[in-house]
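Quick note: the sequence shown uses the numbering used here, first residue 99, plus one each step.
Each residue gets a CB set at the ideal place from its N, CA and C atoms; glycine is no exception.
Because the structure is a prediction, the values reported are computed rather than measured.
Encoded as structure tokens, the structure appears first; notes follow it.
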Amino acid sequence: MLAGLLCLCALVASGPIHAQEYPTRPIRYLVPWGAGGITDTISRLYNERVSAILGQPIVHEYRPGAAGRIGTGELGRAAPDGYTIGMVNAGQLTIHPNLYARLPYDPDRSFVVLGMMGMSPMALAVPVSSPVRSVADLRALSQRRSLNFGTAGIAGPHHLAVELLRKTGVTGVPVHYRGGGGEIMAAMTNGALDANFDTVYQQNIFRTDGRYRILAVTSRERMPQIPDVPTFAEVGHPEINLETFYATAAPSAVPAPILAKLVAAYAQAAQAPEIVAWLREMALTNVHLSPAELAQYIREWRERWRVVIEEQNIRVQ
């Protein structure tokens with residue numbers, strides 16, 4: 099019995115010691131999409147800095163499929179030891195819970211969000227050939243004929259932004275594409291689409307090369323990358339205030355001392371000059387929030403999207 103008690107005491111005592119030593123080996127970083135694109139770029143940029151802070155490599159592993167739900171499910175089921183973390187975004191945590199009766203993860207109980215890597219408002223654009231010069235012009239045009247709005251898929255942030263716009267009296271129908279960017283740009287250019295929402299960075303690319311005219315942004319304040327473009331609040335629609343986000347999360351049962359190390363490392367990385375400069379170039383913002391504040395932020399956005407999805411009767415196949 100004495101030997102058993104001594105072993106038990108040793109095991110109990112080893113927890114804090116291991117937490118102090120963490121990490122002692124490489125950390126897996128699950129990305130629930132394929133390689134390439136903004137999700138890959140932002141996670142690698144952060145993780146290069148976090149790796150240097152923690153003194154261990156961070157190895158990216160890609161788990162694409164089901165708009166991120168497959169990889170997110172794997173992250174939620176991972177051993178809660180701090181050696182598997184990964185990326186989550188607005189779709190997985192705030193939109194999908196309102197669309198799918200069953201998910202391979204619990205958006206409230208499976209994760210602790212360690213840090214927000216970037217938040218991106220959206221911008222409404224029309225083809226440069228369009229006579230529309232303002233949101234008021236777009237509404238007036240929609241009263242003469244139904245408009246076509248391009249989106250990058252059902253119930254994504256692009257689509258939900260269109261649904262918010264339609265609630266202001268701008269009539270039209272969303273036209274869903276498998277991808278965004280170039281595919282939607284081609285449809286805008288050839289006249290198949292009248293307008294679309296996308297990130298400020300993406301819309302500004304096509305504005306700079308003379309294809310798009312940006313009418314308004316969904317941020318609370320004007321974006322420094324396009325300071326001449328008003329916010330929706332400025333043109334009379336403060337309810338069109340939305341953003342998408344990219345964050346890093348860990349399984350929820352990771353010990354508190356390890357979580358604290360990870361939270362501190364990502365907060366420190368966010369202040370690195372190369373990350374600050376890149377975020378500015380990409381029209382992304384990064385506001386440091388504690389895990390509790392992040393959880394509240396996510397709950398608030400989930401409820402907001404629930405209202406939109408139910409009011410507009412949005413369904414997925």
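Which residues DSSP lists as bridging Thr346, in chain order:
Indexing the sequence shown from 1 puts residue 346 at position 248. For Thr346, the pairing in a beta bridge is given by DSSP as Met185, Gly213.
Write down the C-beta distance between Ala177 and Thr342 rounded to the nearest angstrom, noting that I regard them as a contact closer than 8 Å.
Within the sequence shown, residue 177 is the residue found at index 79, counting from 1. Within the sequence shown, residue 342 is the residue found at index 244, counting from 1. No, Ala177 and Thr342 are not in contact; Cβ-Cβ is about 29 Å, not under 8 Å.
Measure from the alpha carbon of Gln46 to the alpha carbon of each residue in Arg400, Ala164, Ile356, Leu360, then state which is nearest.
There is no way to answer for residue 46, as the model of the chain reaches only from 99 to 415.
From the DSSP output, which residues share a beta bridge with Glu81?
Here the chain covers residues 99 to 415 and nothing more, so residue 81 does not appear.
Span separating the alpha-carbon of Val273 from that of Asn294
On the sequence shown, position 175 is the one that residue 273 refers to. On the sequence shown, position 196 is the one that residue 294 refers to. Straight across, the Cα-Cα distance linking Val273 with Asn294 is about 9 Å.
Threshold first: 4 residues or longer. Then list the alpha helix (DSSP H) segments lying entirely within the stretch 364 to 390, N to C.
Within the stretch 364 to 390, the complete alpha helix (DSSP H) runs of at least 4 residues are 371 to 379.
Since Phe304 sits in a beta bridge, which residues does DSSP pair it with?
Numbered from 1 along the sequence shown, position 206 holds the residue referred to as residue 304. Looking at the DSSP output, Phe304 bridges to nothing.
Are three or more beta carbon pairs between the stretch 288 to 307 and the stretch 349 to 367 nearer than 8 Å?
Cβ pair count under 8 Å is below three, so no.
Between which residues of its own chain and Ile136 is the CB-CB distance below 6 Å, once the five residues before and five after are set aside?
As a position in the sequence shown, residue 136 is number 38, starting the count at 1. Excluding sequence neighbours, Ile136 sits near nothing in its chain.
Under the rule that 16 or more other beta-carbon atoms within 10 Å means buried, what is Asp292, buried or exposed?
One-based indexing of the sequence shown puts residue 292 at position 194. So Asp292 counts as buried.
Which residues DSSP lists as bridging Val315, in chain order
Numbered from its first residue, the sequence shown carries residue 315 at position 217. By DSSP's assignment, Val315 forms a beta bridge with Ala221, Thr329.
Own chain, CB closer than 7 Å to Glu172, minus 5 neighbours either side, in chain order:
Numbered from its first residue, the sequence shown carries residue 172 at position 74. Shown here for Glu172: same chain residues with a beta carbon closer than 7 Å to its own, the five before and five after excluded, namely Leu128, Arg161 in chain order.
Quick one: give me the first and last residue of the beta strand (DSSP E) that Asp296 is part of.
To locate residue 296, count along the sequence shown from 1; it is residue 198. Per DSSP, Asp296 is one residue of the beta strand (DSSP E) stretching across 293 to 297.
What span of residues does the beta strand (DSSP E) with Gly248 cover, start to end?
Locating residue 248 in the sequence shown gives position 150, counting from the first residue. For Gly248, the enclosing beta strand (DSSP E) stretches over residues 245 to 249.
For Arg243, tell me which candidate among Leu258, Val271, Ala259 has the shortest Cα-Cα distance.
The residue labelled residue 243 in the question sits at position 145 within the sequence shown. It is Val271.
Leaving out the 5 sequence neighbours to the left and right, which residues in its chain are closer than 8 Å to Ser141 when beta-carbon positions are compared?
Position 43 of the sequence shown holds residue 141. Taking C-beta separations shorter than 8 Å and ignoring five residues to either side along the sequence, the partners of Ser141 in its chain run Tyr127, Val129, His158, Met185, Met215, Tyr344, Thr346, following chain order.
The beta strand (DSSP E) that contains Pro272, what's its start and end?
Position 174 of the sequence shown, counted from the first residue, corresponds to residue 272. Per DSSP, Pro272 belongs to the beta strand (DSSP E) from 270 to 274.
Using the C-alpha atoms, what's the distance from Pro229 back to Pro205?
Within the sequence shown, the letter at position 107 stands for residue 205. Within the sequence shown, the letter at position 131 stands for residue 229. Roughly 44 Å separates the two Cα atoms.
Using the C-alpha atoms, what's the distance from Asn411 back to Pro225?
Sequence index remark: in the sequence shown, residue 225 carries index 127 (1-based). Sequence index remark: in the sequence shown, residue 411 carries index 313 (1-based). As the crow flies, the alpha-carbon of Pro225 is around 29 Å from that of Asn411.
Within 10 angstroms of its Cβ, does Ala238 collect 16 or more other Cβ (buried), or is it exposed?
Within the sequence shown, residue 238 is the residue found at index 140, counting from 1. With fewer than 16 other Cβ atoms within 10 Å, it is exposed.
Please work out which residues of its chain come closer than 6 Å, Cβ to Cβ, to Leu152, disregarding the five sequence neighbours upstream and downstream, and give them in chain order.
Against the sequence shown, residue 152 aligns to sequence position 54. Spatial neighbours of Leu152 in its own chain (CB-CB distance under 6 Å, excluding positions within 5 residues in sequence) are listed in chain order as Pro121, Ala363.
Are the CB atoms of Arg413 and Thr192 nearer to each other than 9 Å?
Taking the sequence shown and counting its residues from 1, the one referred to as residue 413 is at position 315. Taking the sequence shown and counting its residues from 1, the one referred to as residue 192 is at position 94. Against a cut-off of 9 Å, the Cβ pair of Thr192 and Arg413 comes out as no contact.
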